[in-house]
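Residue numbers (this note's numbering): 6 to 807.
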């Protein structure tokens with residue numbers, strides 16, 4: 006054994022000795038069926054559990070029980086009917102049934118053990134609480150005789166121990182498996198066959214702790230709230246389908262009688278084209294670019310505010326039910342790897358500065374770290390920029406190549422083909438780099454892409470892409486749908502299902518090679534801690550929250566361009582809940598139970614996204630869709646109060662003789678006739694005007710309307726969202742009443758206890774006083790009561806006659 010192994014063994018011996026001094030009981034098992042791994046089983050006796058429960062101020066149920074406030078009258082009947090209706094979708098778990106009685110909880114105290122129900126000490130502290138207590142001792146206990154002080158997290162990071170985890174209750178499947186909470190969770194929660202049932206949140210909290218219980222409770226509330234959003238989104242989409250044939254602008258674009266010749270989409274290789282060839286795109290864009298999408302944007306902003314308020318109320322109910330109302334969270338423990346590196350660097354710094362006994366950090370000390378960070382950031386930005394730029398060049402090149410195709414069907418679907426293939430490339434890039442699409446490409450986005458004869462070019466060779474005559478909203482919809490659906494499908498199927506199963510298979514094959522020939526028999530005879538060691542370690546809830554936060558962003562930020570996003574999110578989350586549940590129950594080691602009363606910083610992130618969604622949707626509606634230009638035309642330029650003539654109003658004219666040298670089409674007679682004037686989508690003066698190709702006054706009218714809409718929409722929706730926050734109280738009234746009732750009952754309980762103590766003390770003092778007093782007889786008449794030692798009123802005293 007080398008020096009490092011000796012050092013690790015030395016640290017283990019000292020650390021385990023300190024654990025024994027802390028009161029824990031250790032049981033070693035070196036003869037295991039896993040090659041090269043030894044186990045130390047830790048047990049916490051009753052006195053240690055009581056001591057730590059008092060230190061941690063764990064609220065435990067007392068003997069006192071009280072009635073929970075029940076609804077009465079009509080509300081009680083409604084709740085009864087709803088309970089009967091929802092009974093088939095309720096999990097068959099005792100903790101999920103409505104209760105009318107609740108035990109009064111109080112922070113555990115060894116001096117007040119008589120208040121708690123200790124009839125069964127083995128079940129008073131459940132497995133979740135015991136694992137929490139033991140892990141707190143493991144974090145607090147240090148190994149001080151080594152180079153520097155180390156707790157369990159540092160020991161794990163330095164490889165002194167391979168893992169530290171609480172055990173699962175038992176197996177979750179099999180004919181002869183004993184009934185336990187893990188098996189119950191698997192049957193009623195972690196199977197795809199129970200996707201339609203509510204989650205047994207109380208049992209999840211009982212088994213995994215409050216922090217994980219709150220995550221699944223939040224995910225359940227979010228999924229439930231997606232149901233009304235999905236219904237409204239479907240209605241908006243169906244409205245677009247129903248009014249597609251009545252949309253005048255798309256009808257005008259599809260009308261071949263207008264014979265509108267459009268300017269080329271690229272230089273030289275692209276020819277002139279008919280506007281009617283973009284008929285399909287124009288009709289499809291109406292599905293997502295119609296007046297109903299504005300309503301849906303307002304609805305989703307209010308939905309986001311309502312969701313946050315609903316979650317706060319649900320969170321307060323869970324805090325009350327889980328006895329967390331007075332709980333104050335501690336700061337998170339530093340990450341083990343980070344803590345180990347900090348300690349190691351501190352140790353090296355101290356050894357270098359022993360002579361001066363001072364630690365001096367100059368700019369030379371910090372410069373390498375700053376330079377490394379700067380180079381890394383610049384490199385990542387360069388990579389992202391190169392990818393985004395490559396996709397833009399691909400779109401331009403592909404559009405030019407397809408435009409040269411002789412097939413009319415291919416040329417008519419250029420926009421959809423280029424957009425779809427480019428977005429698929431973006432999707433692959435997003436998954437590989439785990440970056441959000443478009444972060445680096447913002448500066449490339451310009452309000453104007455130029456005009457025929459004066460386009461904006463990249464590297465003086467590639468012409469910037471312009472929106473189709475039907476508008477840019479359809480392209481944004483295609484991007485969002487492919488990225489959202491593709492990310493969810495690949496993320497769920499590949500990363501959350503495929504990769505864990507592959508890792509499990511690799512571990513199984515590795516253990517099979519290291520085990521003796523009777524491997525199958527060894528697997529059957531393995532102890533619980535050996536089976537759990539082969540499971541994946543718990544890596545925290547950050548990836549789970551992050552996945553849902555990104556989805557929430559898709560649902561709220563760009564809902565104006567993709568009203569079906571809530572529906573796809575709902576379908577994904579129905580699977581996601583059971584997928585995560587199965588992962589926690591069957592594929593992960595049991596996490597250490599952590600107390601928490603909220604979801605932490607994620608709530609502020611969700612709230613920020615909800616506020617940002619209002620602004621982004623305002624700009625999407627205003628600048629990406631044709632909603633504002635249509636309103637401006639309808640109320641300012643329409644001659645008959647209809648949308649007839651809108652398409653012609655949005656198109657400007659260009660004289661083909663004004664093309665720059667080398668940019669005119671190579672085959673100008675591709676349409677069969679000579680083109681003198683072509684049209685393009687913009688608000689500019691015609692070529693026969695004095696200020697030809699300058700921005701027209703119509704553009705400024707539309708721009709003013711766009712900006713006015715952004716201001717009005719943003720402030721109105723923000724006001725409505727804040728009004729929803731103000732109207733809905735954070736704490737449900739019945740919960741606030743129950744909390745007040747608990748405080749009153751707790752005061753009464755302690756007052757009664759003090760009275761009982763006072764009565765016992767007075768009784769004891771009276772008995773002691775009577776012991777010290779002389780007996781009552783004729784020798785000591787003063788010690789006798791009045792009936793014997795004093796004459797009765799109106800009668801003479803007869804001395805000592807009895």
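Just so you know, even glycine gets a beta-carbon here, dropped at the ideal spot from N, CA and C.
Per the C-alpha coordinates, the member of 695, 535, 605, 129 positioned closest to residue 551 is 605.
Assigned with DSSP and collapsed to three states, residue 208 falls in helix.
Closest option to residue 489, judged by alpha-carbon separation, among 608, 201, 578: 578. Counting only residues of its own chain and dropping the five nearest sequence neighbours on each side, residue 562 has a CB closer than 6 Å to the CB of 618, 621. Contact between residue 575 and residue 231 holds, with the beta-carbon distance rounding to 4 Å and staying under 8 Å. Going by DSSP, residue 193 is part of the alpha helix (DSSP H) stretching over 186-193. Contact check for residue 537 against residue 48 fails: the beta carbons are separated by 7 Å or more. Annotated three-state conformation of residue 259 is helix, per DSSP. Residue 593 is bridged by DSSP to 541.
The three-state reading of DSSP puts residue 65 in strand, counting E and B together. For residue 649, the secondary structure class from DSSP, reduced to helix, strand or coil, is coil. In the DSSP annotation of this structure, residue 635 is not part of any beta strand (DSSP E); the continuous alpha helix (DSSP H) holding it starts and ends at 632-637. For residue 279, the beta-bridge partners assigned by DSSP are 266. In terms of Cβ geometry, residue 109 and residue 69 form a close pair [threshold 7 Å]. Three or more Cβ pairs drawn from the segment 243-259 and the segment 275-290 lie within less than 8 Å of each other, which places the two stretches in contact. Counting of Cβ neighbours within 10 angstroms places residue 595 among the buried residues, the total reaching 16 or more.
When secondary structure is reduced to three states using DSSP, residue 656 falls in the strand class. Residue 274 holds the alpha-carbon nearest to the alpha-carbon of residue 672 among 696, 80, 557, 274. The closest CA to that of residue 591, considering only 640, 543, 650, is found on 543. The alpha helix (DSSP H) runs of length 4 or more contained entirely in the segment 696-777 are, from start to end of the chain, 702-732, 738-777.
The alpha-carbon of residue 21 is positioned some 33 Å away from that of residue 122.
Look at residue 684 here: in three-state DSSP terms it is strand.
In the structure shown, the three-state DSSP call for residue 672 is coil.
Under the three-state reduction of DSSP, residue 315 is assigned to helix.
Per DSSP, the beta-bridge partners of residue 121 are 67. When rounded, the separation of the alpha-carbon atoms in residue 255 and residue 630 is 14 Å. In the DSSP assignment, residue 600 falls outside any alpha helix (DSSP H) and carries neither an H nor an E. Burial check for residue 9: the Cβ neighbour count within 10 Å stays below 16, so the residue is exposed. Residue 96 is bridged by DSSP to nothing; it lacks a bridge partner. By the criterion of a C-beta distance shorter than 6 Å, residue 558 is surrounded in its chain by 614, once the five residues flanking it on both sides are discounted. By the 16-neighbour rule on beta-carbons within 10 angstroms, residue 507 is exposed. Among the bridge pairs identified by DSSP, residue 106 is matched with 72.
For residue 45, the pairing in a beta bridge is given by DSSP as 33. DSSP lists 148 as the bridge partner or partners of residue 155. In this structure residue 567 is not in contact with residue 683, their Cβ atoms being roughly 33 Å apart against a cut-off of 8 Å. Per DSSP, residue 580 is one residue of the alpha helix (DSSP H) stretching across 570-587.
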